[in-house]
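Chains as they are written, first to last, in our numbering: chain A, 450 to 959; chain B, 5 to 218.
Written out as structure tokens, the structure is:
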């Protein structure tokens, strides 16, 4: 440990009376982007208050059952859906945000993505050479590196074998983990404390630098006076129940919003359409919908052992999808298992011989929006799957099916309406016939971006490329909402790199 | 007059169909009503019948109790949506009846083979929204069935006993809901040294999932 923390963490039990605080910067949201920003600002000597609506979790608080875990760690109990094309999506609630319950994937945005961002959004300083120093620094700080071989386990190694057999590139997943033990419990909270989630990594560092962390505080309004942002207001809320407690008000010279791509627009629109001169706030919602295929192998795989998502292939990233391994709590994985009665039970018995691999699809043509609901702060999401993106997802499905047979699976479970429940050969996959429709699959995505996009032209974006709001002085946005479009790979690392850059710029300005 | 009689008759039929004749759930519930518990019991056993290589049925595995606990933990709006789903599927046999002359009865009183046929109809429907409703129900049932420690043990997928090291963060945060003066750990308690070896997938199970002692 590098010195005792000098800042403080407050929890719901600490809020007996209304709270009124002052700081140089108030950061809203302790997920990967917000925690990085708070840590950078605190280390630069600024007085920082970090607000988080959820509580801190300790290992005894982790619920091992997938469904019950989501009711505690996800907004809306993990049951958030889009209108239009139904897509399940999630947003974590807890100190550390998504990093508490994600699989720690840290992938740099590919060159062609950053070039596209610069070209399409009129950005000048978001190139590979601009972001690499931030990626490099975060890599060191969070122990980001390839998943070690001794914790890959059979289901990850088979993925590598499949890619090798087909002549495709693949690599152990780069993750923010130190001393992974392969428990496969990333999604319910890492009991081995190996995952460098923000509550373990950035928040303690921020505290050592003097930051104050107020958990269980729901921000309901960004305060502004004469076009200048001056703080935030909200309420303490009890963990899990959301029971309101005392009022909380923080005045600050700058407000950094890292409430997430789905919450930041709602908060700003509830604050008098703040920062929406462009009309783009809450628009351009994009996701990475995933397709997943399960393969059944002759030998047992002991799938509970191994990094949750320990291998990836970037072979098809330019085509619009990235391939990964996947594990989740068994009750969550089993929701895809087709059939009834003893057939279904037999398939469940095969879970010990099964691996699930997925593809996240960039979906650069599909768009949606985030709107406030009439009541509350939960967003109203709309999103439509573009037919060309559906075609990309279909291609990904075929690729995954080929991989399983190349790795020695004797059957696959595609989980697609209109197809047989099981397919037993690659030829059967090629004969699938009719094109896939969006309604043939159940879609889900935890990656969301675009709703407060950065753009060089203030008329077309909400923030500039440093995250500064174009038309609200003192307001910065650093969550993945500022991405102009899909990063092509998992967004957390790029979000953190952009947040680090923004925080350093803000620290200089204050 | 005739109109009022028709309306009254219709209302009475709705009340009888949706409220009357449901058995009391075998165990007390926190959130589930008797009709909801009856529907879930029927759907759980149609999906996971008793016997076979994976022995417990849906109800034996505690699907109804799990869903009750899960509903209790959900935010109100999401809980209402799930309840609407259960209501819809219990009474949709009015529009999508089960096979047989008595196929219009509510789902929970259908024979098991009729219940399977109804669920299969939802799963394979041409209407995407109907399929979506089924997928949602199946997700709830599967999650609940695999919430059973006995089922997870049989599948070899039960969580392992893992001793968490003491992290610096454990000296900063109390357990959820507790106050900071309950934090047990101090800086000198923090675990140091090399990380332990990978977990042993055949090692002892987490106490909540271990075989009950006789």
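Ideal Cβ placement from N, Cα and C applies to all residues, glycine included. Predicted, not measured: the structure shown is a model, and the values here were computed from it.
When you compare only the Cα positions, how much space is there between residue 883 of chain A and residue 844 of chain A?
In the first chain, counting from the first residue as 1, residue 883 of chain A sits at position 434. In the first chain, counting from the first residue as 1, residue 844 of chain A sits at position 395. If you take the alpha carbons of residue 883 of chain A and residue 844 of chain A, they lie about 13 angstroms apart.
Close-in-space but distant-in-sequence residues of the same chain around residue 27 of chain B (CB under 8 angstroms, 5 per side omitted)
Along the second chain, one-based indexing puts residue 27 of chain B at 23. Cβ contact annotation for residue 27 of chain B (same chain, cutoff 8 angstroms, sequence separation greater than five): 38 and 42, in chain order.
Take residue 465 of chain A as the anchor and find which of A:826, A:687, A:835 and A:886 has the nearest alpha-carbon.
The residue given as residue 465 of chain A occupies position 16 in the first chain. When only C-alpha atoms are compared, the closest one is A:687.
Residue from A:719, A:553 and A:878 whose Cα sits closest to the Cα of residue 822 of chain A:
Here residue 822 of chain A is taken as the residue at index 373 of the first chain, counted from 1. Distances from the alpha-carbon of residue 822 of chain A to those of A:719, A:553 and A:878 put A:719 closest.
When you compare each of A:651, A:850 and A:468 to residue 492 of chain A by their alpha carbons, which one comes out closest?
Taking the first residue of the first chain as 1, we reach residue 492 of chain A at position 43. Cα-wise, what sits closest to residue 492 of chain A is A:651.
Chain A within 8 angstroms of residue 183 of chain B, Cβ atoms only
One-based indexing of the second chain puts residue 183 of chain B at position 179. Taking Cβ atoms only, chain A reaches closer than 8 angstroms to residue 183 of chain B, which makes this a yes.
Alpha-carbon to alpha-carbon, residue 827 of chain A and residue 521 of chain A
Position 72 of the first chain, counting from 1, holds the residue named residue 521 of chain A. Position 378 of the first chain, counting from 1, holds the residue named residue 827 of chain A. Their backbone Cα atoms lie some 16 angstroms apart in a straight line.
CB contact check: residue 599 of chain A to chain B, cutoff 8 angstroms
Stepping through the first chain from its first residue, residue 599 of chain A is reached at position 150. Flagged as an interface residue toward chain B: residue 599 of chain A, by a C-beta distance shorter than 8 angstroms.
Could you check how far apart the C-beta atoms of residue 770 of chain A and residue 811 of chain A are, in whole angstroms? I think they sit under 8 angstroms.
Position 321 of the first chain holds residue 770 of chain A. Position 362 of the first chain holds residue 811 of chain A. The Cβ separation is near 7 angstroms, so the contact holds.
The beta strand (DSSP E) with residue 817 of chain A in it runs from where to where?
Locating residue 817 of chain A in the first chain gives position 368, where the first residue counts as 1. Per DSSP, the unbroken beta strand (DSSP E) holding residue 817 of chain A starts and ends at 816-821.
The alpha helix (DSSP H) enclosing residue 688 of chain A, as first and last residue numbers
Position 239 of the first chain, counted from the start, is the residue given in the question as residue 688 of chain A. Premise fails: residue 688 of chain A is in no alpha helix (DSSP H) and is neither H nor E.
With 16 other CB atoms within 10 Å as the buried threshold, where does residue 208 of chain B fall?
Looking up residue 208 of chain B in the second chain gives position 204. Answer is exposed; the Cβ neighbour count stays below 16.
With a threshold of 7 angstroms on Cβ separation, who are the neighbours of residue 736 of chain A within its own chain once the five nearest residues in sequence on each side are excluded?
As a first step, residue 736 of chain A is located in the first chain; it is residue number 287 there, counting from the start. Around residue 736 of chain A: 536, 538, 812, 832, 894, 896 and 897.
beta-carbon residue 473 of chain A near the ligand GTP non-hydrogen atom, thresh 7 angstroms:
For the ligand GTP, the structure offers nothing, since it holds no ligand at all.
Do you know offhand how far residue 170 of chain B's Cα is from residue 189 of chain B's?
Indexing the second chain from 1 puts residue 170 of chain B at position 166. Indexing the second chain from 1 puts residue 189 of chain B at position 185. The alpha-carbon atoms of residue 170 of chain B and residue 189 of chain B are separated by roughly 8 angstroms.
Which bits of chain B does residue 508 of chain A rub up against, with CB to CB less than 7 angstroms?
Taking the first residue of the first chain as position 1, residue 508 of chain A is located at position 59. Residues of chain B passing the Cβ test: 168.
Backbone secondary structure at residue 758 of chain A - three-state DSSP
Working through the first chain from its first residue, we reach residue 758 of chain A at position 309. In this structure, residue 758 of chain A counts as coil in the three-state DSSP scheme.
Under 8 angstroms between C-beta atoms of residue 926 of chain A and residue 910 of chain A:
Position 477 of the first chain, counted from the first residue, corresponds to residue 926 of chain A. Position 461 of the first chain, counted from the first residue, corresponds to residue 910 of chain A. No, the Cβ-Cβ distance between residue 926 of chain A and residue 910 of chain A is not below 8 angstroms.
Throw me the rounded Cβ distance for the residue 151 of chain B and residue 70 of chain B pair, which I believe falls under 8 angstroms.
In the second chain, the residue the question calls residue 151 of chain B occupies position 147. In the second chain, the residue the question calls residue 70 of chain B occupies position 66. Indeed, because the Cβ distance is near 5 angstroms, the residues count as touching under 8 angstroms.
I'd like to know if residue 463 of chain A contacts chain B, where contact means its C-beta is closer than 8 angstroms to some C-beta of that chain.
The residue you call residue 463 of chain A lines up with position 14 of the first chain. Chain B, which has a Cβ nearer than 8 angstroms to the Cβ of residue 463 of chain A, makes this yes.
With 16 other CB atoms within 10 Å as the buried threshold, where does residue 57 of chain B fall?
Residue mapping note: residue 57 of chain B aligns to position 53 of the second chain, counting from 1. Its Cβ having fewer than 16 others within 10 Å, residue 57 of chain B is exposed.
Around the C-beta of residue 957 of chain A, are 16 or more other C-beta atoms found within 10 angstroms, so that it is buried, or is it exposed?
Numbered from its first residue, the first chain carries residue 957 of chain A at position 508. Flag for residue 957 of chain A reads exposed.
Using a Cβ-Cβ cut-off of 8 angstroms, state whether residue 203 of chain B counts as contacting chain A.
One-based indexing of the second chain puts residue 203 of chain B at position 199. For residue 203 of chain B, the closest Cβ of chain A is nearer than 8 angstroms.
In whole angstroms, what is the alpha-carbon distance linking residue 808 of chain A and residue 546 of chain A?
Indexing the first chain from 1 puts residue 808 of chain A at position 359. Indexing the first chain from 1 puts residue 546 of chain A at position 97. The alpha-carbon atoms of residue 808 of chain A and residue 546 of chain A are separated by roughly 23 angstroms.
The alpha helix (DSSP H) that contains residue 578 of chain A, what's its start and end?
Along the first chain, one-based indexing puts residue 578 of chain A at 129. Taken as a continuous stretch (DSSP letters only), the alpha helix (DSSP H) holding residue 578 of chain A covers 577-591.
Test: residue 517 of chain A CB closer than 8 angstroms to a CB of chain B:
Start at 1 with the first residue of the first chain, and residue 517 of chain A comes out as number 68. Cβ-Cβ to chain B under 8 angstroms: yes for residue 517 of chain A.
Segment contact, 8 angstroms Cβ cut-off, at least three pairs: the stretch 466-473 of chain A with the stretch 695-715 of chain A:
yes
The stretch 793-824 of chain A: which residues have C-beta closer than 8 angstroms to a C-beta of chain B, in chain order?
793, 794, 795, 797, 798, 800 and 801
Is the Cβ of residue 124 of chain B closer than 8 angstroms to any Cβ of chain A?
Looking up residue 124 of chain B in the second chain gives position 120. Chain A contact via Cβ: present.
Alpha-carbon to alpha-carbon, residue 479 of chain A and residue 450 of chain A:
For the purposes of this step, residue 450 of chain A is taken as the residue at position 1 of the first chain. For the purposes of this step, residue 479 of chain A is taken as the residue at position 30 of the first chain. Only weak support exists for where residue 450 of chain A lies, its pLDDT of 46 falling under 50; the value from the coordinates is given anyway. C-alpha separation (whole angstroms): 21 angstroms.
Please name the residue in A:903, A:473 and A:553 whose C-alpha comes closest to that of residue 631 of chain A.
Within the first chain, the letter at position 182 stands for residue 631 of chain A. Looking at the Cα atoms, A:553 is the closest of the given residues.
With 8 angstroms set as the bound, which would you pick, yes or no: does the beta-carbon of residue 193 of chain B sit closer than that to a beta-carbon of chain A?
Position 189 of the second chain holds residue 193 of chain B. No, residue 193 of chain B lies away from the interface with chain A (no Cβ there is under 8 angstroms from its Cβ).
To the nearest angstrom, how far is it from the Cα of residue 93 of chain B to the Cα of residue 530 of chain A?
Taking the first residue of the second chain as 1, we reach residue 93 of chain B at position 89. Taking the first residue of the first chain as 1, we reach residue 530 of chain A at position 81. Residue 93 of chain B and residue 530 of chain A: Cα-Cα distance of roughly 20 angstroms.
Taking C-beta pairs closer than 8 angstroms, name the residues in chain B that residue 736 of chain A reaches, listed in chain order.
By 1-based counting over the first chain, the position of residue 736 of chain A is 287. Within chain B, no C-beta atom comes nearer than 8 angstroms to that of residue 736 of chain A; the closest sits roughly 17 angstroms away.
State buried or exposed for residue 570 of chain A, treating a residue as buried only when at least 16 other CB atoms are found within 10 Å of its CB.
Residue numbering aside, residue 570 of chain A sits at position 121 when the first chain is read from its first letter. Its Cβ being crowded by 16 or more others within 10 Å, residue 570 of chain A is buried.
Any beta carbon of chain A sitting closer than 8 angstroms to that of residue 17 of chain B?
Against the second chain, residue 17 of chain B aligns to sequence position 13. No, because no Cβ of chain A sits closer than 8 angstroms to the Cβ of residue 17 of chain B.
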